[in-house]
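Report on the structure given below.
There are 2 protein chains.
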Amino acid sequence: METSRREIAAMIMLGGTGAALSSAKAATPATEAKLVHHVFFWLKNPGSKVDRDQLIAGLATLKDIPVIRSLQIGVPASTEKRDVIDASYDVTELMYFDNLADQKAYQDHPIHLAFVKSCEHLWQKVLVYDMEIVAGD
Amino acid sequence: METSRREIAAMIMLGGTGAALSSAKAATPATEAKLVHHVFFWLKNPGSKVDRDQLIAGLATLKDIPVIRSLQIGVPASTEKRDVIDASYDVTELMYFDNLADQKAYQDHPIHLAFVKSCEHLWQKVLVYDMEIVAGD
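Protein chains in written order, with this note's numbering: chain A, 1 to 137; chain B, 138 to 274.
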C-alpha cells in the first residue's frame, strides 16, 4: 500500500489537532470544572515559618486526590494595601472540581482526612468559600 | 515512496504529543500565573436577580483586559452547610495574573474603571483576597 506525503501530512495534522483540543480541554480547570473551593487558614503561631511550611507541605499532599482538577497553594500577595483587602490569613488553598459530588468525595477522601489529622493543630481559624462557576473562560 | 502503517501511526502520535504538550502549557493558568485575585460582592438588594445578573454581566466585560490570564465568575455553590463556610455573598470573581505589575495594570485599566463606575451602585460590600501562588499544578 502506498501513501503520499500529502496524505501523511494531513493525517499528522488531524492527529495533532485532535490531541491539542482534547488536552487543552483537560488542562484548563475553568473549562469543565464548575466548582471552586477556596480555603483560608489563620495559624495559631502566625509568625512561625516552620508551622507555615508544614501546613503548605500538608496541603501539597492533597494533589494526589483524583477528583481535584487543579490545586494552587498560596500566601497573601504583596498587592497595594486597601481597606477591602483581607491579607490577615497565613496560607490558602484553591481547588477546582467538576461538580458537587466530586467535592464531597474530596471531603471524605482518606488523604484529605489524613491531612486534617496531621495539620489541624497548626491553625486557629479556617474560612471556606465554595463558588459555582456561572461564567468564565 | 512507500510508508508503512506503523510508520504513519508513529508520526501521528509524535505530532499529537508535540501539540498536546505545548497546548497544555498555554491552557493552564496556574502553570505560569503567580497571582490570584478573588473578589466577593454583597448586593444592596440580595434578593434581586436583576441586580445579580447585571453585576455578572458587568464582571464579564473584564475578560477583555489583556493582562487577565483566566477569569471565572460565580455564585455560592450548594455544598454541604458547615460553620466554616461563608456562603453569604451574592457574586464572586476569580482572576489569575502573571505578577503584581499585571494586577496593578488591571486595577488601572479603563475597562475595569468603567465596570466599577457602572456597577458600584449594586453592591454594599466588597471583600478581596490576593494570593501569591507558592505551589500547585
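Every residue gets a Cβ at the ideal spot worked out from N, C-alpha and C, and that includes glycine.
As the structure is a computational prediction, the values presented were derived from the model and not from experiment.
For GLU120 (chain A), there are no C-beta contacts with chain B under 7 angstroms, since the nearest C-beta of that chain is about 12 angstroms from it. In the three-state reduction of the DSSP assignment, SER255 (chain B) falls in the helix class.
Looking at the DSSP output, SER70 (chain A) shares a beta bridge with A:TYR96. Taking the beta carbon of PRO213 (chain B) as reference, the chain A residues within 9 angstroms of it are TYR129, ASP130, MET131 and GLU132, listed in sequence order. For GLY47 (chain A), there is no enclosing beta strand (DSSP E), as DSSP marks it with neither H nor E. When C-alpha distances from ASP245 (chain B) are compared across B:TYR226, B:ASP223, B:VAL212 and B:ILE205, the shortest belongs to B:ILE205. Interface annotation, LEU172 (chain B): in contact with chain A, CB-CB separation under 8 angstroms. With respect to chain A, the C-beta atom of LEU180 (chain B) has no partner C-beta closer than 8 angstroms. SER48 (chain A) has a beta carbon lying at 8 angstroms or more from every beta carbon in chain B. The beta-carbon of GLN54 (chain A) is placed no less than 8 angstroms from the nearest beta-carbon of chain B. At least one CB of chain A lies nearer than 8 angstroms to the CB of THR229 (chain B). In this structure, the alpha-carbon of VAL176 (chain B) lies about 9 angstroms from that of MET232 (chain B). Under the criterion of beta carbons closer than 8 angstroms, ILE85 (chain A) and THR92 (chain A) do not qualify as touching, at roughly 13 angstroms.
Apart from sequence neighbours up to five positions away, the residues of its chain that approach ILE210 (chain B) with a beta-carbon distance below 6 angstroms are ILE193, LEU196 and GLU230, ordered along the chain.
Counted as a single uninterrupted DSSP element, the stretch harbouring LYS63 (chain A) is not any beta strand (DSSP E), since DSSP gives it neither H nor E.
For ILE85 (chain A), the residues of chain B that pass the 9 angstroms Cβ criterion are LEU264, VAL265, TYR266 and ASP267, in the order they occur in the chain.
Look at TYR129 (chain A) here: in three-state DSSP terms it is strand. In the DSSP annotation of this structure, the continuous segment of the beta strand (DSSP E) that includes HIS37 (chain A) starts and ends at 35-43.
ALA224 (chain B) carries a coil assignment under DSSP once its states are collapsed to helix, strand and coil.
For HIS38 (chain A), the chain B residues whose C-beta falls within less than 7 angstroms of its own C-beta are HIS175, listed in chain order. Shortest Cα-Cα distance from PHE178 (chain B) to any of B:TYR266, B:ALA272, B:GLU169 and B:ASP274 involves B:TYR266. Around LYS63 (chain A), the same chain offers LEU71 as residues with beta carbons nearer than 6 angstroms, after the five sequence neighbours per side are excluded.
Rounded to whole angstroms, ALA224 (chain B) and ALA214 (chain B) show a C-alpha spacing of 8 angstroms.
In this structure, TYR106 (chain A) and ILE65 (chain A) form a Cβ contact; the two beta carbons are roughly 6 angstroms apart against a cut-off of 8 angstroms.
Between the alpha carbons of GLN261 (chain B) and LEU250 (chain B) lies a distance of about 18 angstroms. Inter-residue distance for LYS171 (chain B) and THR61 (chain A) is about 20 angstroms (C-alpha atoms, whole angstroms).
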